[in-house]
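First to last, the sequence lines map onto chains A and B. Numbering-wise (the numbering used here), the first sequence opens with residue 461 and increments by one. Numbering-wise (the numbering used here), the second sequence opens with residue 136 and increments by one. Contents: one structure, followed by commentary.
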Amino acid sequence: MNHFEVFNLPVSFEIDTDNLAQRYRDLQHVVHPDKYVNAPDRERRLAMQKAVQVNEAFQILKNPLDRGLYILQLQGIETNDNSAMDSEFLTEQMDLREELADLREKTQPFNALSNFINRLEKNKTFLIDILSQQFAQKEYQLALESTKKFQFFKRLHEEALSLEEDFF
Amino acid sequence: MALLQISEPGQYADPHQHRIAAGIDLGTTNSLVASIRSGLAETLPDIEGHHLLPSIVHYAKEEPAIVGNAAKQFANTDPLNTIASAKRLMGRGLKDIKTTGTRLPYDFIEKEGQGMPMIRTAAGDKSPVQVSADILNALKKRAEETLDGELSGVVITVPAYFDDAQRQATKDAATLAGLNVLRLLNEPTAAAVAYGLDKGAEGIYAIYDLGGGTFDISILRLHHGVFEVMATAGNSALGGDDIDRTIAQWIMQEANIADDAEHHHIRQLLDVARTAKETLTTQDIAPIQLEGHIKWQGELTHAQLNQLIDPLIHKTIIPCRRAMRDAGLTVEHIKEIVMVGGATRMPRVREKVGDFFKRSPHTDIDPDKVVAIGAAIQADILAGNKPDDEMLLLDVIPLSLGLETMGGLSEKIIPRNTTIPVAKAQEFTTFKDGQTAMLLHIVQGERELVLDCRSLARFELRRIPKMVAGSARIRVTFQVDADGLLSVSATEETTGVHSEIIVKPSYGLQDNDIERMLKDSLEHAKYDIAARTLREQQVEADSVINALRAAIKADGHHLLKHQEFLKINAALNDLLKIKEGTDVKAIKKAIEHLDNITQSYAERRMDSAIHRAVKGQHVDEL
Chain A
461 MNHFEVFNLP VSFEIDTDNL AQRYRDLQHV VHPDKYVNAP DRERRLAMQK AVQVNEAFQI
521 LKNPLDRGLY ILQLQGIETN DNSAMDSEFL TEQMDLREEL ADLREKTQPF NALSNFINRL
581 EKNKTFLIDI LSQQFAQKEY QLALESTKKF QFFKRLHEEA LSLEEDFF
Chain B
136 MALLQISEPG QYADPHQHRI AAGIDLGTTN SLVASIRSGL AETLPDIEGH HLLPSIVHYA
196 KEEPAIVGNA AKQFANTDPL NTIASAKRLM GRGLKDIKTT GTRLPYDFIE KEGQGMPMIR
256 TAAGDKSPVQ VSADILNALK KRAEETLDGE LSGVVITVPA YFDDAQRQAT KDAATLAGLN
316 VLRLLNEPTA AAVAYGLDKG AEGIYAIYDL GGGTFDISIL RLHHGVFEVM ATAGNSALGG
376 DDIDRTIAQW IMQEANIADD AEHHHIRQLL DVARTAKETL TTQDIAPIQL EGHIKWQGEL
436 THAQLNQLID PLIHKTIIPC RRAMRDAGLT VEHIKEIVMV GGATRMPRVR EKVGDFFKRS
496 PHTDIDPDKV VAIGAAIQAD ILAGNKPDDE MLLLDVIPLS LGLETMGGLS EKIIPRNTTI
556 PVAKAQEFTT FKDGQTAMLL HIVQGERELV LDCRSLARFE LRRIPKMVAG SARIRVTFQV
616 DADGLLSVSA TEETTGVHSE IIVKPSYGLQ DNDIERMLKD SLEHAKYDIA ARTLREQQVE
676 ADSVINALRA AIKADGHHLL KHQEFLKINA ALNDLLKIKE GTDVKAIKKA IEHLDNITQS
736 YAERRMDSAI HRAVKGQHVD EL
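Given below as structure tokens:
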């Protein structure tokens, strides 16, 4: 059973997250270990397996990047390949990283860092839109490129957030 | 048409049988026990009417442990044998305790190879787990006397930010106290349950829980009885104790008291500090008077107090930010902030939290009792007393789990704030021909270097089938259950051989330690182990029988073929007869037999329930 089937949903990048969350809660009412505290051992194990499956499926489907990667995997596309990115994108990433490194040196980086994080978030939103279009048109190779870019932004975003935490 | 009795899998508690269940808040400073009485959740007082049991245990030679207020009296006169704040030591090593800056006035024993610290007392060496077990025992007695019966199960609360070792230590303490743990529940989630059900709350809530020794922030979505934790963060070594200590240090400075003052002086100073802190909750100035060995007089003002404690409060705001980030929310999304824990009575804490969330926190609940009450509500449901209740708690793992890789780096396997239960499998291979063993080191924490994370355990995989280097495929599964506890299993994929796993917990007790302690403890030595085993098997048999009967009644007619039904019925009748006897092995065998022949039926039931849930249809709508 694939993650979409767990929720009785069609395989699609477009997803109504409220509807997904509602289905998730409905399923948890049936499979959560709390419902099996007094059940015989084997039934408890069975429920545990199902609860784990439902949690994993939800975790992946609610997150746009993970959902995108998962759809590509369902298409039989290798998502772990380390082939080169286009050089323009890499240059852009290097510039962003340099900017973040410079922020680290500043004594009052708070506002600048906030702006930087906002920019990264906008970029992520933009990439989600692109992914949406690419999946709608079944352009899986292009979508694969976009997910890779997404991962670069995600990493950078995490680093920026942890820097912000250090300064707070 | 007769109404069809609907029974989902998992729900089969006998409705006529009320099980006595309780919620226990095992706190750093105080502990409580609560239960549902005539439909109301309430904390249970002792004979003198005190609800809070100070988490203090006094040990005297060849005497039973004294717990609570009676033990508190010894704190100044006999500090080395009077253990307070044992929760701070749970699942930790001596090194951790020293690095957190906690200066505890006990006589610690350093033992080679023993992660868990032991404390030398007049009644022998005690681990923090044993001290906690003594506290739990006192609460158990209180509950059983008040409720007039044996406790069938308890829910024990732990700080959300407790790591695996700290949770395991808590569960071990419950085992030592002879308690059946239905669930370890995170304290802020327990508070949300008590608060949410009471106020009929819906929406997103922040629970700020600053207790005696721990701090948690949890962001929850409340939706029709479902309590979904979106993110949690905290600090398991920060609380009201630290505020007292900061004030005490200030007094020491002002009064020229040397850092290496004697144990009982430090105790006395901490008491004076706590009193000053409490006075300043309602007054502007707190007079301070030291008597006895060191005489000093002075006063602490509000402004001075704020200056002293602002850095500590700031340390709680950092996790608040992180939790909001992890939940993907901004403060505007939060409907209300619920304050839990005695330390949230301090006006400065409320003010600073209000500043961060841009609204005043909610303070009309009793911050001391709300956690125990939430635990009691869940205990009542888990015990099976409310089979139709819609309440459901979806909690998360607070800290990422990782594996040590080459170069001492931690590779994250399960990221923090993942909903539990969760399982992740990872594949490993051998790097030498004929290699039969492998060592895995599992850590918890967010940092990249293994050294900066908490070491949980070293797992030794043994009996890997001999193969050429790189051809073995060992699949290791890490599972975190609904208590937030980790377990690990391993299989070699090409041969299907289960590898043996030997766990060396870094700070916890090993299974044989617990067994030994159980035997050592007087109460259990009297206990007839054979009688206990028989009773356990009979209870398990009853549970299997009740489950099966309820299931057949609900859907046996359309999920069971006639032949299958006859076969199951025969096995069921056999078990009914055998369980009345005293042959433990025979009962066990009969249960296993029934278990085996009903396996496919159980799976069909589960699938059918899942199918209905996801279709949004219930049987009565068909």
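All C-beta atoms in this analysis are idealised placements derived from N, C-alpha and C, irrespective of residue type, glycine included.
Residue interval of the alpha helix (DSSP H) (run including residue i)
| i | result |
| --- | --- |
| Thr436(B) | Looking at the DSSP string, Thr436(B) is not in any alpha helix (DSSP H); the run it does join, the beta strand (DSSP E), is Trp431 to Thr436. |
| Asn578(A) | Phe570 to Ala596 |
| Gln509(A) | Asp501 to Lys522 |
| Val490(A) | Thr477 to Val491 |
| Val506(B) | Val505 to Leu517 |
| Ile687(B) | It is not in any alpha helix (DSSP H) - Ile687(B) carries neither H nor E in the DSSP assignment. |
| Arg380(B) | Gly375 to Glu389 |
| Gln102(B) | With chain B running from 136 to 757 in the structure shown, residue 102(B) is simply not present. |
| Pro482(B) | Pro482 to Phe492 |
| Lys714(B) | That residue, Lys714(B), is in no alpha helix (DSSP H); it is neither H nor E in DSSP. |
| Lys608(A) | Tyr600 to Phe627 |
| Ser735(B) | Gln734 to Lys750 |
| Phe563(B) | Not the alpha helix (DSSP H): Phe563(B) falls in the beta strand (DSSP E), residues Val557 to Phe563. |
| His463(A) | His463 to Val466 |
Span of the beta strand (DSSP E), counted from its first residue to its last, around residue i
| i | result |
| --- | --- |
| Pro263(B) | It is not in any beta strand (DSSP E) - Pro263(B) instead sits in the alpha helix (DSSP H) that spans Pro263 to Leu282. |
| Lys760(B) | Not covered by the structure: residue 760(B). The range shown for chain B is 136 to 757. |
| Thr164(B) | It is not in any beta strand (DSSP E) - Thr164(B) carries neither H nor E in the DSSP assignment. |
| Tyr343(B) | Gly338 to Leu345 |
| Met365(B) | Val361 to Asn370 |
| His193(B) | Ile191 to His193 |
Residue environment, residue i, which counts as buried when at least 16 other CB atoms sit within 10 Å
| i | result |
| --- | --- |
| Glu182(B) | Checking the sequence shown, residue 182(B) turns out to be Ile, not Glu. Exposed, since its Cβ has fewer than 16 Cβ neighbours within 10 Å. |
| Leu175(B) | exposed |
| Arg589(B) | buried |
| His753(B) | A caution first: His753(B) carries a pLDDT of 43, below 50, which makes its placement in the model too unreliable to give a value. |
| Ser606(A) | buried |
| Arg402(B) | buried |
| Glu428(A) | Nothing about residue 428(A) can be read from this structure; chain A reaches only from 461 to 628. |
| Leu701(B) | exposed |
| Asn578(A) | exposed |
| Pro575(B) | Going by the sequence as given, residue 575(B) is Leu instead of Pro. Burial call: buried. |
| Val603(B) | exposed |
| Phe549(A) | exposed |
| Asp494(A) | buried |
Neighbour flag for residue i against chain A, beta carbons, 8 Å
| i | result |
| --- | --- |
| Val766(B) | The first residue shown for chain B is 136 and the last is 757, placing residue 766(B) beyond what the model contains. |
| Ala737(B) | yes |
| Asp242(B) | no |
| Asp406(B) | no |
| Lys750(B) | yes |
| Arg223(B) | no |
| Gln734(B) | yes |
| His659(B) | In this prediction, His659(B) has a pLDDT of 47, which is less than 50 and means its spatial position is unreliable; what the coordinates show is noted afterwards. For His659(B), the answer is no, since every Cβ of chain A falls outside 8 Å of its Cβ. |
| Leu529(B) | yes |
| Leu332(B) | no |
Minimum Cβ-Cβ distance from residue i to chain B less than 8 Å
| i | result |
| --- | --- |
| Lys584(A) | no |
| Leu506(A) | yes |
| Phe467(A) | yes |
| Val512(A) | yes |
| Leu621(A) | yes |
| Glu618(A) | no |
| Phe610(A) | no |
| Gln519(A) | yes |
| Glu581(A) | no |
Heavy atom of the ligand ZN within 7 Å of residue i beta-carbon
| i | result |
| --- | --- |
| Val674(B) | Looking for the ligand ZN in the displayed structure turns up nothing, as the structure carries no ligands at all. |
CB contact check: residue i to chain E, cutoff 8 Å
| i | result |
| --- | --- |
| Arg502(A) | Structure shown: chain E not included; protein chains present are A and B. |
Chain-ordered residues of the segment 489-500 of chain A with a beta carbon less than 8 Å from chain B: His489, Val490, Val491, His492, Pro493, Asp494, Lys495, Tyr496, Val497, Asn498, Ala499 and Pro500
Contacting positions in the segment 475-488 of chain A - beta carbon closer than 8 Å to chain B: Residues of the segment 475-488 of chain A with a C-beta less than 8 Å from any C-beta of chain B: Arg483, Arg485, Asp486, Leu487 and Gln488, listed in chain order.
Contact residues within the segment 669-696 of chain B, judged by C-beta distance below 8 Å to chain A: Glu675, Ser678, Val679 and Ala682
Note down, in chain order, all residues in the segment 573-590 of chain B with a beta-carbon under 7 Å from any beta-carbon belonging to chain A. none
Could you name each continuous alpha helix (DSSP H) segment of 4 residues or more that falls completely within the segment 287-333 of chain B, going from the start of the chain to the end? 299-311
Can you give me, in chain order, the residues of the segment 309-323 of chain B that have a beta carbon less than 9 Å from any beta carbon in chain A? Leu317 and Arg318
My parser needs the beta strand (DSSP E) runs of 3 or more residues fully inside the segment 541-566 of chain A; what are they? Whole beta strand (DSSP E) segments, 3+ residues: zero.
Contact set between the segment 444-461 of chain B and chain A, restricted to residues whose Cβ is under 9 Å from the partner: His449, Ile452, Ile453, Arg456, Arg457 and Arg460
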